[in-house]
Amino acid sequence: MKEATKPTAADVDRLNELLGGKPAEEIVRWAGETFGPEIKFANSFGAEDVALQHIIAKIAPNIRVFTLDTGRLNDETYQVMDATRFKYPDVPIEVMFPERDKVEGLTREKGFFSFRESVELRKECCAIRKVQPLKRALADANAWMTGLRRDQSVTRTDTPTIEWDEGNAMVKVNPLIEWSNEDVWAYIKANKIPYNKLHDQHYPSIGCAPCTRAIKDGEDIRAGRWWWENPEFKECGLHE
Ligand code: SF4
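As structure tokens, then:
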């Protein structure tokens with residue numbers, strides 16, 4: 000179904016009735032037909048996102064893709080970015096950097112590890128390095144797409160397929176919201192998709208290098224992100 004106009008908050012319930020529980024391919028096809036290049040996929044190159052990139056390349060390569068280079072990523076993340084560029088040459092990846100003045104001010108005033116001192120200071124770093132570049136990336140979009148899954152964390156258990164993103168005033172499309180971790184890995188293996196090699200070293204969820212660690216058997220899959228904080232605070236501001 001093609002939308003006549005840009006969906007708004009009032010359309011979200013109707014769209015979830017239409018698309019909720021549908022296969023990811025069907026949701027991506029709908030998004031490509033509905034928005035074309037007006038929808039942008041935020042690819043962080045985690046397992047979910049490389050799977051979703053593959054679906055986009057196969058079904059809707061007109062969807063634009065961007066990534067946020069915070070300046071604090073692991074080498075392995077840059078390696079999978081390059082492998083992805085090489086595998087899908089028809090889907091360019093726009094790389095968004097933080098504003099130079101803001102990063103220079105942050106590090107000059109607060110050093111390189113202020114995010115360890117409090118949730119507020121951690122959110123300040125995420126705002127400069129992630130949230131503000133995200134807003135710039137979305138400035139020329141009508142909707143955005145993510146690889147969020149419902150069972151990734153306690154902060155995502157109620158996330159629907161289509162959300163209204165109040166902060167960015169546009170719909171957010173989550174085609175993998177119903178997928179399990181096993182679904183993601185079965186898809187990656189079956190399609191030989193390049194993935195971040197840190198996943199092979201007990202890193203199920205990967206963000207910036209100083210804010211991500213490996214987890215132990217039995218720990219929650221987001222336990223390695225901002226491990227010094229309580230679980231209910233563990234969002235970077237991109238999905239609040
Ligand atoms: S994850 Fe850590 S280093 Fe990355 S932007 Fe957030 S606080 Fe800063």
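The sequence shown runs 0 to 239 under numbering that gives the first Met the number 0.
For every residue, glycine included, the Cβ atom is placed at its ideal position computed from N, Cα and C.
What you are looking at is a predicted structure, and each value in this text was computed from that prediction instead of being measured.
For valine 11, the uninterrupted alpha helix (DSSP H) segment begins and ends at 11–18.
Shown here for cysteine 207: same chain residues with a beta carbon closer than 7 Å to its own, the five before and five after excluded, namely Thr69, Arg71 and Leu72 in chain order. Between isoleucine 220 and asparagine 180, the gap from beta carbon to beta carbon is short of 8 Å. Within the chosen limit of 7 Å, ligand 1 reaches the beta carbon of proline 209 through at least one heavy atom. Not a single heavy atom of ligand 1 lies less than 7 Å from the C-beta of glycine 45. For alanine 185, the enclosing alpha helix (DSSP H) begins and ends at 180–189. Residues of the same chain with a CB within less than 8 Å of the CB of arginine 28, apart from the 5 flanking positions on each side, are Ile58 and Ala59 in chain order. By the Cβ-count criterion, threonine 7 is exposed, with fewer than 16 other Cβ atoms from all chains shown falling within 10 Å of its own Cβ. If the five residues before and after tyrosine 194 are omitted, its C-beta is found closer than 7 Å to the C-beta atoms of Ala46, Val49, Val79 and Ile187, all from its own chain and listed in chain order. Within its own chain, the residues whose Cβ lies closer than 7 Å to the Cβ of isoleucine 26, once the five positions on either side in sequence are excluded, are Leu18, Thr160, Val172 and Pro174, listed in chain order. With contacts defined as CB atoms closer than 8 Å, isoleucine 54 and glutamate 24 qualify as a contacting pair.
Remark: the shortest separation between the CB of threonine 69 and any heavy atom of ligand 1 falls under 7 Å.
As for any beta strand (DSSP E) of minimum length 3 sitting wholly inside the stretch 95–119, there is none.
Boundaries of the alpha helix (DSSP H) around isoleucine 58: 46–58. Checking the 7 Å criterion, the Cβ of arginine 135 is out of range of every heavy atom belonging to ligand 1. Separation of the CB atoms of glutamate 37 and alanine 142 is rounded to 7 Å, and the pair is thereby assigned contact status at 8 Å. 8 Å or more divides the Cβ of phenylalanine 96 from the Cβ of valine 64. Going by C-alpha positions, glutamine 151 is about 22 Å away from alanine 189. Close CB contacts of phenylalanine 112 within its chain, under the 8 Å cut and outside five residues either way in sequence, are with Pro209 (chain order). Leucine 120 is positioned such that its CB atom lies closer than 8 Å to that of lysine 109. As the crow flies, the alpha-carbon of glutamate 16 is around 25 Å from that of glutamine 52.
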